[in-house]
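Colleague:
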Amino acid sequence: MVHIVGAGPGDPELITVKGQKFLSAADVVIYAGSLVNPELLKFCKPDAEIYNSAEMMLDEIIHVIEKSDAQGKEIVRLHTGDPSIYGAIQEQMDLLEEKNIDFDVVPGVSSFLAAAAALKQEYTLPGITQSVIITRRGGRTPVSDKESLKKLAQHQTTLCIFLSIGLIQEVVRDLMSAGFKSSTPIAIVQKASWPDEKIIKGRLETIVEQVKAEKIERTAMIIVGQCLNARKEHYEKSQLYSPKFSHMFRSAK
Numbered sequence: 015m016v017h018i019v020g021a022g023p024g025d026p027e028l029i030t031v032k033g034q035k036f037l038s039a040a041d042v043v044i045y046a047g048s049l050v051n052p053e054l055l056k057f058c059k060p061d062a063e064i065y066n067s068a069e070m071m072l073d074e075i076i077h078v079i080e081k082s083d084a085q086g087k088e089i090v091r092l093h094t095g096d097p098s099i100y101g102a103i104q105e106q107m108d109l110l111e112e113k114n115i116d117f118d119v120v121p122g123v124s125s126f127l128a129a130a131a132a133l134k135q136e137y138t139l140p141g142i143t144q145s146v147i148i149t150r151r152g153g154r155t156p157v158s159d160k161e162s163l164k165k166l167a168q169h170q171t172t173l174c175i176f177l178s179i180g181l182i183q184e185v186v187r188d189l190m191s192a193g194f195k196s197s198t199p200i201a202i203v204q205k206a207s208w209p210d211e212k213i214i215k216g217r218l219e220t221i222v223e224q225v226k227a228e229k230i231e232r233t234a235m236i237i238v239g240q241c242l243n244a245r246k247e248h249y250e251k252s253q254l255y256s257p258k259f260s261h262m263f264r265s266a267k
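Sequential numbering of the sequence shown, starting at 15, is according to my numbering.
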């Protein structure tokens, strides 16, 4: 059996209880060494076989899984954050299905959520925006024109931009060409939830120089939108807690 487990954003305590249970019981662990906090490997059994997938090709990963599964071993494929977001797990799952190897998926805390926690920020504020767009800018992995950052940014909603900090100048250019003002607030959260987490807040007109000054080149989330600038007088209060609002658990007063 293969358990594809979301390790969370970095803090070892942010793995799920179920994920930790599978990790602790695994005979074989293949972890995404370029992003997963190695502190998580302390949950593994002393005799567990541990492989760093950052040094492996897809066929090598599948070979280890296939061999281990044939030996009746419990296997954990440990991905960073939540594996469904930029985790490249679909190609792995397709191959496992072809080989009739049973697997399941354990979700994890994504870095865009850990970034919100680090910022102490709600992304969906009534009267500001009720939508969050998760995306990336095209680079070595291309993005189709219909979902380019320029087009998605036209919605003027909260944007969480993955895997794009090395293209911050192009990101800013795309956002401004889509209608975002130069004064639009933007935040960069590097290594959200790690001990060396770093937060930069600025505006589109200043952020490129700020990023250069802090020498942030990877493992950073870009968050853009007016939610970052909202004070209590700017957004509408939720109806959920309003004394004038009735729902199935409470009557209006």
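Using N, Cα and C, we set each Cβ at its ideal position, and we do this for glycine too.
Please go through the same chain and pick out, in chain order, the residues whose beta-carbon is closer than 6 angstroms to the beta-carbon of ALA234, but skip the five residues on each side of it.
Modeller: Counting only Cβ-Cβ distances below 6 angstroms, and skipping sequence neighbours, we find ILE179, ILE202, GLN204.
Colleague: Beta carbon of LYS160, beta carbon of ASP188: below 7 angstroms?
Modeller: No. Outside cutoff.
Colleague: What is the rounded straight-line gap between the Cα of VAL222 and the Cα of ILE230?
Modeller: Rounded to the nearest angstrom, the two C-alpha atoms are 10 angstroms apart.
Colleague: For LEU72, report the span of its alpha helix (DSSP H) as first-last.
Modeller: LEU72 -> alpha helix (DSSP H) spans 72–84.
Colleague: Please classify MET235: does DSSP put it in a helix, a strand, or coil?
Modeller: DSSP places MET235 in strand when its eight states are reduced to three.
Colleague: Could you tell me how far apart the beta carbons of LEU54 and ILE29 are, in whole angstroms, since I believe they sit closer than 8 angstroms?
Modeller: The pair is a contact, with the Cβ atoms about 6 angstroms apart (cut-off 8 angstroms).
Colleague: Tell me which residues share the same chain as GLY132 and place their Cβ nearer than 8 angstroms to its Cβ, disregarding the 5 neighbours each side in the sequence.
Modeller: In the sequence under discussion, the amino acid at residue 132 is Ala, which differs from the Gly named in the question. Around ALA132: VAL203, ALA206, SER207, GLU211, ILE213.
Colleague: Could you say which of SER196, LYS251, GLY20, LEU181 lies nearest to TYR100 if we only look at CA atoms?
Modeller: The option with the nearest alpha carbon to TYR100 is GLY20.
Colleague: Give, in chain order, every unbroken run of the alpha helix (DSSP H) that is at least 4 residues long and sits entirely within the stretch 115–183.
Modeller: DSSP runs (the alpha helix (DSSP H)) wholly in the stretch 115–183: 125–133, 163–167.
Colleague: Mind checking which residues open and close the alpha helix (DSSP H) that includes GLU228?
Modeller: Looking at the DSSP string, the run of the alpha helix (DSSP H) that includes GLU228 is 221–228.
Colleague: For the stretch 31–44 and the stretch 59–68, state whether three or more C-beta atom pairs, one from each stretch, are separated by less than 8 angstroms.
Modeller: In short, these stretches touch, since the Cβ pair count reaches three.
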